[in-house]
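Novice: For the sequence shown, position 33 (counting from the first letter as 1) is numbered 87 according to this note's numbering, and the numbering increases by one without interruption. Ideal Cβ positions, reconstructed from N, Cα and C, are used throughout, including at glycine.
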Amino acid sequence: MDDLPIPLTSPTEAEMPGVAAPECPTGRFLGRVAFQQMLRDAFACAAREGWREIIVCDPTFEDWPLGEREVCETLHAWVKQGRQFTMLAISYDEVVRRHARFAAWRTTWSHLVDCRSCRTADPQDLPSALWSPAWGMRRLDLEHSSGICGDEPQRRVLLRQAIDEWMRKSSPAFPASILGL
């Protein structure tokens, strides 16, 4: 992994001729590779469609592609004033350890990123999910990285209700900076 900074602008479709914009994924997915690609496509869809809010939830985010240059560039293209990115985890240790680019992005945009923790949650109970007002994904089997995603309103409402229950039990976590005296 190289330590080059994230560019301030992302390539537009016009700058990348012949590269089709990914569609928002729908349906079932199975396996880590499919799960990670589905997340890349979802973040690209969020940037392209201007989703105003994204909530991501996972016990540790260890196998999410958050630290990839492509994902961080896509999130950089997505972020604008008035948007909100919320994270919910049991622990952020793996985010710091595995996703340095994302941790730097989170620091830059800390005024739009809210990180919460449910330290007492069982990893099997906390949803592994991405929710937005336009689309949602839930990983139903963490071991095999299988789940379902799509834009069905009823599925999104149920997912948001499940995440909200955990949000009520959460507290602030993963500070953008650590101030010392």
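For the structure I just gave you, are there three or more beta carbon pairs, one from the stretch 222-231 and one from the stretch 97-108, closer than 8 angstroms?
Specialist: The answer is no - the stretch 97-108 does not touch the stretch 222-231, with fewer than three Cβ pairs under 8 angstroms.
Novice: What separation, rounded to the nearest whole angstrom, lies between the Cα atoms of Val87 and Ala183?
Specialist: The residue labelled residue 87 in the question sits at position 33 within the sequence shown. The residue labelled residue 183 in the question sits at position 129 within the sequence shown. If I take the Cα positions, the gap works out to 16 angstroms.
Novice: Skipping 5 residues on each side, what residues in its chain have a beta carbon closer than 8 angstroms to that of Leu180?
Specialist: Locating residue 180 in the sequence shown gives position 126, where the first residue counts as 1. Correct list, in chain order: Cys111, Asp112, Pro113, Leu142, Ala143, Ile144, Cys172 and Trp220.
Novice: With a threshold of 8 angstroms on Cβ separation, who are the neighbours of Cys153 within its own chain once the five nearest residues in sequence on each side are excluded?
Specialist: Looking up residue 153 in the sequence shown gives position 99. The question names Cys, yet the displayed sequence has His at residue 153. Cβ within range, chain order: Phe115, Trp118, Leu120 and Gly121.
Novice: Confirm, please, whether the CB-CB distance from Ala188 to Trp105 is below 8 angstroms.
Specialist: The residue labelled residue 105 in the question sits at position 51 within the sequence shown. The residue labelled residue 188 in the question sits at position 134 within the sequence shown. Yes; because the gap between Cβ atoms is below 8 angstroms, this pair is in contact.
Novice: Could you tell me which of His165, Leu196, Val211 and Ile109 sits nearest to Pro177, measuring between CA atoms?
Specialist: Locating residue 177 in the sequence shown gives position 123, counting from the first residue. If we check each option's Cα against that of Pro177, Leu196 comes out closest.
Novice: Leaving aside the five residues before and after Asp205 along the sequence, list all residues of the same chain whose C-beta is less than 8 angstroms from its C-beta, in chain order.
Specialist: The sequence position of residue 205 within the sequence shown is 151, counting from 1. Closer than 8 angstroms at the Cβ level, and outside the excluded window around Asp205, lie Cys78, Thr80, Ala188, Trp189 and Gly190.
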